[in-house]
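Protein chains in written order, with our numbering: chain A, 7 to 301; chain B, 0 to 222.
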Amino acid sequence: MYDALAEAFTDAMDQQVSLGELALRVETASGLRSREQIIAGLQRALDVMRGAIARGMPGDLRSVSGLVGGDAAKLANPRGPLAGTLFTDVLAGALAVQEVNAAMGVIVAAPTAGGAGVLPGVLLGIAGRYPAVTDEVLVRGLAAAGLVGAVIAVRASLSGAEGGCQAETGAAAAMAAAAGIEVLNGTPEEALHAVALAMQGTLGLVCDPLGGLVEVPCVYRNATGGAIALAGIEMAMAGIRFPIPVDEVIDTMGEIGRSMDVRYRETAGGGLAATPTGRKLAKERLVQIKKKPDA
Amino acid sequence: MNKVSLLDIIGPVMVGPSSSHTAGACRIGLFARDLVGGDPDRAHVELHGSFARTGQGHGTDRAIVGGLLGFQPDDERLRESLELAEARQFEVKFDNIKLRGDVHPNTARITVHRHNVTAQVVGSSLGAGRILITQVDGFQVDVTGAFPTLVVAARDVPGVVAHCATVLARAGINLASVRLSRRAKGGDAIHVYECDSEPGADALAAVRSFPGVTLTRAIARVS
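This is the structure in structure tokens:
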């Protein structure tokens, strides 16, 4: 896949196709799988995403530690100012998938398990309100998201242990922003700006899970990741253009990740994990396997 | 252009909560299972580093036992693997351990018994579900599980590699990598052949027919 979104943009314009269609062409040309196999793989991912939202919405699941679960169900009956809109659908979908993940259910790591709620939340949230967004369109959305994720993987990172949460839910929000533009028939230019606008909003985000587990704040951060993706989509489709080119924004994420203190990279040594309550909850809920001397 | 594929990014489909602590851990278990050739009777699982610290909350214990039972990373039975193991009278013991040297934080050492066969692997989960097996029965190896793998234990005598390579060539199996590791000259050695396709029972039997070969195992692709 591409090393820069600018190159992908040029090719998309030359070939007069969307980023998603371009991603399918480039992946097919790489020769590892046929176009049909790639589409079947993405369709399976879509089916699993849909299944995870359905599994998470009733609210009967609890995580291994018991710290999270049941919050997606609360958003099935939202009461706030955005109740009954795409916004609350996206939050609920992202929470649902991440609650399933924390309860050892089946999800699609997209790009990682820790950020797995954002993309299904955004894409299937949109599909729920736009009948024209069929599975065929959603598969193109996933392809566009995959293209963006591949560029982030090589220019920056997709690992919380390497780059903090900006590399997991931040990357997922950027991918979801491109996917949203794709399925709403936006232009490649809008897609790149949606990615930049989403990613600038997650720069510096640390990975600080209580007890090192993919539970708190990860579940909630997937919901806010979805909200940031929506903000990127909305701004880009209104014609807003982010002044820093998207590849430079991605490089910035990588640079911030590399200079981030190890406490903020999935070690539970800093951030919310190191708060008095964070430490107390981790101690209470995480039963340690008994120690054994050095071997 | 880089080598990252769309399905690497949109995937894998897996049981949560962590691609490294759950999906990768399951794959290390699958590798250990294949090394003894099927359902184990007993296993000792030792967890190092982050696997020891956060493994239980991440279901690393359940994922490894699920792998030992032959479940893939997307199999929902991973969640109740400990109970399923008990029902099958498969005895598993867990301990935390500090392995010496430069060891990846997500590492497990698994000793597994089946009938009269015992095997031990040390494997690390590198992130995004990728694994690296670094030791088999105390021998240093370097196996990703991304290929069907043939493991051969033999006395360190001339001709074993040539014999194995010939058998595989006759079976039409192309090799991706070969590694030979021994503890001492003339002692025991482990050969690891990463193949482009899976060696069949005939190839395994032919490899085993060579004097000095004590064990052959075909390990399925685990990632």
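Cβ atoms here follow ideal geometry from the backbone N, Cα and C, with glycine treated the same way.
query: Check the C-beta distance from G23 of chain B over to N105 of chain B and give it rounded, since I have them as a contact under 8 Å.; result: 7 Å
query: Within 10 Å of its beta-carbon, does Q294 of chain A have 16 or more other beta-carbons around it, so buried, or fewer, so exposed?; result: Bear in mind that the predicted position of Q294 of chain A carries a pLDDT of just 46, short of 50, making it unreliable; the figure below should be weighed with that in mind. Q294 of chain A is exposed by the Cβ-count criterion.
query: P299 of chain A to L46 of chain B, Cα distance in whole Å?; result: Unreliable positioning characterises P299 of chain A in this predicted model, as indicated by a pLDDT of 44, which lies under 50. The coordinate reading is nonetheless provided below. Cα to Cα, the separation comes out at about 12 Å.
query: Can you tell me where the alpha helix (DSSP H) with C213 of chain A in it begins and where it stops?; result: Segment: none, C213 of chain A is in no alpha helix (DSSP H) and carries neither H nor E.
query: Excluding the 5 residues preceding and the 5 following N173 of chain B in the sequence, name in chain order all residues of the same chain whose CB lies nearer than 8 Å to its CB.; result: C194, D195 and S196
query: Check whether the Cβ of D195 of chain B lies closer than 8 Å to any Cβ atom in chain A.; result: no
query: Determine the direct distance from the alpha carbon of E142 of chain A to that of D7 of chain B, and round the result to whole angstroms.; result: 20 Å
query: Assign M63 of chain A to one of two classes, buried (16 or more other C-beta atoms within 10 Å of its C-beta) or exposed (fewer than that).; result: buried
query: Report the residue from B:A202, B:Q134, B:K184 and B:G15 whose alpha carbon sits nearest the alpha carbon of A31 of chain B.; result: B:Q134
query: Just to make sure I have the definition right: I need the residues of chain A whose C-beta is within less than 8 Å of the C-beta of S80 of chain B. Which are they?; result: What S80 of chain B touches in chain A: nothing, since even the nearest Cβ is about 10 Å away.
query: Counting along the chain, where does the beta strand (DSSP E) carrying D88 of chain B start and finish?; result: The sequence shown places Gln at residue 88 of chain B, rather than the Asp named in the question. Segment: none, Q88 of chain B is in no beta strand (DSSP E) and carries neither H nor E.
query: Which of the three DSSP states is assigned to G126 of chain B in this structure?; result: strand
query: May I have the straight-line CA-CA distance separating G75 of chain A from V222 of chain A, to the nearest angstrom?; result: 11 Å
query: So which of B:G199, B:A84, B:A164 and B:I218 has the shortest CA-CA distance to F209 of chain B?; result: B:A164
query: Considering only C-alpha positions, which residue in the set A:A100, A:V114 and A:A108 is nearest to L130 of chain A?; result: A:A100
query: What's the C-alpha gap between G58 of chain B and A127 of chain B?; result: 16 Å
query: Check whether the stretch 121-141 of chain A touches the stretch 83-90 of chain A, counting contact only when three or more Cβ pairs, one atom from each stretch, lie closer than 8 Å.; result: no
query: Per DSSP, Y192 of chain B forms a beta bridge with which residues?; result: B:L149 and B:V177
query: Below 7 Å CB to CB, which residues in the same chain sit around A185 of chain A once its five sequence neighbours on both sides are set aside?; result: L125, V128, L129, G147, L148, A150 and A151
query: Along the chain, where does the beta strand (DSSP E) containing R61 of chain B start, and where does it finish?; result: Taken as a continuous stretch (DSSP letters only), R61 of chain B belongs to no beta strand (DSSP E), being part of the alpha helix (DSSP H) at T59 to L67.
query: Taking 8 Å as the cut-off, decide whether the C-beta atoms of T175 of chain A and N107 of chain A are in contact.; result: no
query: Of the residues B:V102, B:A183, B:T213 and B:V111, which one's Cα is nearest the Cα of V150 of chain B?; result: B:T213
query: Taking contact to mean at least 3 C-beta pairs separated by less than 8 Å, is the stretch 1-15 of chain B in contact with the stretch 236-251 of chain A?; result: no
query: Which residue marks the beginning of the beta strand (DSSP E) containing N105 of chain B, and which one marks its end?; result: N105 to R113
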